[in-house]
Structure formats: structure tokens, C-alpha cells
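Novice: Position one of the sequence shown corresponds to residue 1 (the UniProt record's numbering), numbered consecutively onward.
All residues carry an ideal CB built from backbone N, CA and C; glycine is no exception.
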Amino acid sequence: MTEGPSSAGQQGEWLSLFSGGKDSSWALYRALEEGLDVTRLVTVHPEGDSYMYHVPATRLASLAAESVGIPLVEVEPDDFEADDADESGAQGDAELRPLEAAVRELDAELPDGVAGVTAGAVESEYQTSRIEAMADRLDAEVFAPLWQEDPRELADAMLDAGFEITIIRVAAYGLDESWLGRTLDEAAIAELEDLNESHGVHVLGEGGEFETLVTDGPHMDRAIELDYETEWDGTRGTIRVTDAHLES
Numbered sequence: 001m002t003e004g005p006s007s008a009g010q011q012g013e014w015l016s017l018f019s020g021g022k023d024s025s026w027a028l029y030r031a032l033e034e035g036l037d038v039t040r041l042v043t044v045h046p047e048g049d050s051y052m053y054h055v056p057a058t059r060l061a062s063l064a065a066e067s068v069g070i071p072l073v074e075v076e077p078d079d080f081e082a083d084d085a086d087e088s089g090a091q092g093d094a095e096l097r098p099l100e101a102a103v104r105e106l107d108a109e110l111p112d113g114v115a116g117v118t119a120g121a122v123e124s125e126y127q128t129s130r131i132e133a134m135a136d137r138l139d140a141e142v143f144a145p146l147w148q149e150d151p152r153e154l155a156d157a158m159l160d161a162g163f164e165i166t167i168i169r170v171a172a173y174g175l176d177e178s179w180l181g182r183t184l185d186e187a188a189i190a191e192l193e194d195l196n197e198s199h200g201v202h203v204l205g206e207g208g209e210f211e212t213l214v215t216d217g218p219h220m221d222r223a224i225e226l227d228y229e230t231e232w233d234g235t236r237g238t239i240r241v242t243d244a245h246l247e248s
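1. Along the chain, where does the beta strand (DSSP E) that runs through Ile-165 open and close?
2. Excluding the five sequence neighbours on either side, which residues of its own chain have a C-beta within less than 8 Å of the C-beta of Leu-154, listed in chain order?
3. Quick check: the region 155-168 against the region 65-79, are at least 3 beta-carbon pairs closer than 8 Å?
4. What did DSSP end up calling Thr-235 once you bin it into helix, strand or coil?
5. Out of Leu-246, His-245, Glu-229, which has the shortest C-alpha to C-alpha gap to Ile-239?
6. Between which two residues does the beta strand (DSSP E) carrying Glu-211 extend?
7. Can you tell me which of Thr-166, Val-44, Leu-226 puts its alpha carbon nearest to the alpha carbon of Leu-96?
8. Could you please give the first and the last residue of the uninterrupted beta strand (DSSP E) stretch that includes Ser-16?
9. Would you please state the rounded distance, in angstroms, between the beta carbons of Ser-67 and Arg-222? I believe it to be under 8 Å.
10. Rounded to whole angstroms, what is the Cα-Cα separation between Arg-236 and Glu-209?
11. Which residue comes first and which comes last in the beta strand (DSSP E) that contains Arg-40?
12. What's the gap between the Cα of Ala-140 and the Cα of Thr-118?
13. Quick check on this structure: which residue in Ala-161, Leu-106, Ala-108, Leu-99 has the alpha carbon closest to the alpha carbon of Glu-132?
14. Going by the DSSP bridge assignment, what does Ala-244 pair with across the sheet?
15. Determine the direct distance from the alpha carbon of Gly-21 to that of Arg-169, and round the result to whole angstroms.
16. Apart from the five residues just before and just after His-245, which ones in its own chain have a Cβ nearer than 8 Å to its Cβ?
17. Based on the DSSP output, what are the partners of Leu-72 in its beta bridges?
18. Which term fits Asp-243, buried or exposed, when burial requires 16 or more other beta carbons within 10 angstroms of its beta carbon?
19. Indicate the three-state DSSP secondary structure (helix, strand or coil) for Ala-115 in the structure shown.
20. Suppose the cutoff is 6 Å on Cβ atoms and the five residues either side in sequence are ignored; what does the same chain contact list for Asp-37 look like?
21. Which same chain residues, not among the five before or five after Leu-175, have their C-beta less than 8 Å away from its C-beta?
22. Just reading off the beta strand (DSSP E) that Glu-141 is part of, what are its end residues?
23. Whole angstroms are fine: how far does the CA of Leu-110 sit from the CA of Arg-104?
24. Let's test the definition: count the other Cβ atoms within 10 Å of the Cβ of Trp-232 and tell me whether it reaches 16, buried, or not, exposed.
25. Beta-carbon separation of Pro-218 and Gly-162 under 8 Å?
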């Protein structure tokens, strides 16, 4: 997994694999800082739970993209027929097929093709191996600035940069309903470190313990404002957004 823009001189445009969550947003932010020519954000809307993609509130990615100022390509699982998916060379990985088919279309449409993709994976071999394999088939690079970095240092870097992060889903022992809608600030990170020691909760939620939405950051022109209700089943929960808009 490439941790730096080794192909910054390679001809073509960059795509950011983007959910609106903190990890993909950090990868996008760092890519822009490094001067990579990111011209499209690509969001996959998975059906149900997913090992490959960030799931909750991906519909809000369009608001985030508007604030960032980069066009968004939204991919639905059924956007591409099975035959087209097979031609993408995804080798039977059903979750990857729609994404790879969409990236191939962009590679054909963009004047100089796709030079690379950004990825927000921290430790997930499941995600990274599939993204790397896809990039290899497309002769593209992968920019993954979070890969194998220290979780606490990454969290601190996000806060230092001015990221405002809201927890939108929890699914781990030790995280109760009070975490839904909570801001991921220094106090929350300190509590997550304690939960890591007592319950094995990943500080960045890399194992799906929690998921987030970046509502503001240095790469965004306007903050996302949310109204929501919480849904809690006793062990896991999510926020249900009732209204979302960009700050006027």
C-alpha cells in the first residue's frame, strides 16, 4: 500500500474513495495537501452491512462533496449488470465489482485516465488487499496515508487539523447510546483508549466498533448541520438523520 504520492508525476487524475467518514476524509485531505489532482469523489452505497465499505449515512456524502467542491460519483450495488462486473476482473468479489466497474468507466471517460485512488484504511487487510488488487488491474496507484499509522496519533492529527467528527453508529461492547451523535474530541479519544484496554475497542473504530461523519474540516467550505434521532436496540445503534444541510 503506497503511503505517499509516489506517482504524483504520473499522468492522469486521482479518485478519492469517499464515504464522508473520518478515515476517507483524512485520506482526501492529505492527498489535496500533497498536491494530487483529485477530480472525483467516489461513494459506494452498500446494501446492508459490509466488510468492504463504510455503511451508515453515505447519502450525506453528496453534502460533503458539495462543501469540498469536488464532483461526486455515487455507485449503487445494482448500477452494473453481472456480465459487466465480471469483465471488470474483480475475480468473484461481489462487493468490489460495482466500485471497480465505476472506476473503469471513469478511467475511460477522463482525458488522461485515472492515475490513482485514495484509501482510508488503517489496518484492514480485507479492504487494502482488494483496493490494491483493483489498482493493479487498472495500472493505478494507491495513496493510503493512514495505513499502519498509530491510531492515537492519527486521531490527534485529525483534531489538530480542525476536523469536526460526529459518531453516527456504534456496535461494540462498552459503547452505549450516549455515544450516538457525540463529537469525537480529545475527551472521547481518551475514553476510547480506556475502552481499548478494557474491551479491545479500536481507537479509530477500525473493526467497525463505531463509524463517523466529518461535518467540517479545513478541506470544506461549509459545515454540515444535522438534525437526527437515535435508534438503539440495547447493544448497537445509529443516528437517523431527519434533516441535513450545509451551513449558510
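Specialist: With the given structure in hand:
1. Unbroken beta strand (DSSP E) run through Ile-165: 164-170.
2. Cβ-Cβ distances below 8 Å link Leu-154 to Trp-26, Val-122, Leu-146, Leu-204 in the same chain, with the five nearest sequence neighbours on each side left out; the list follows chain order.
3. no
4. coil
5. Closest option to Ile-239, judged by alpha-carbon separation, among Leu-246, His-245, Glu-229: Glu-229.
6. Under the DSSP assignment, Glu-211 falls in the beta strand (DSSP E) whose first and last residues are 210-216.
7. Taking Leu-96 as reference, the option from Thr-166, Val-44, Leu-226 with the minimal CA-CA separation is Val-44.
8. 13-17
9. About 5 Å separates the Cβ atoms of Ser-67 and Arg-222, confirming a contact at the 8 Å cut-off.
10. 9 Å
11. 38-44
12. 11 Å
13. Leu-99
14. Leu-226
15. 11 Å
16. Leu-63, Ile-224, Glu-225
17. Looking at the DSSP assignment, Leu-72 forms a beta bridge with Leu-41.
18. exposed
19. Shown here, Ala-115 sits in a strand according to DSSP, grouped into three states.
20. Glu-13, Trp-14
21. Leu-195, Val-201, Glu-209, Phe-210
22. 141-143
23. Near 10 Å, if we compare the C-alpha coordinates of Leu-110 and Arg-104.
24. So Trp-232 counts as exposed.
25. yes
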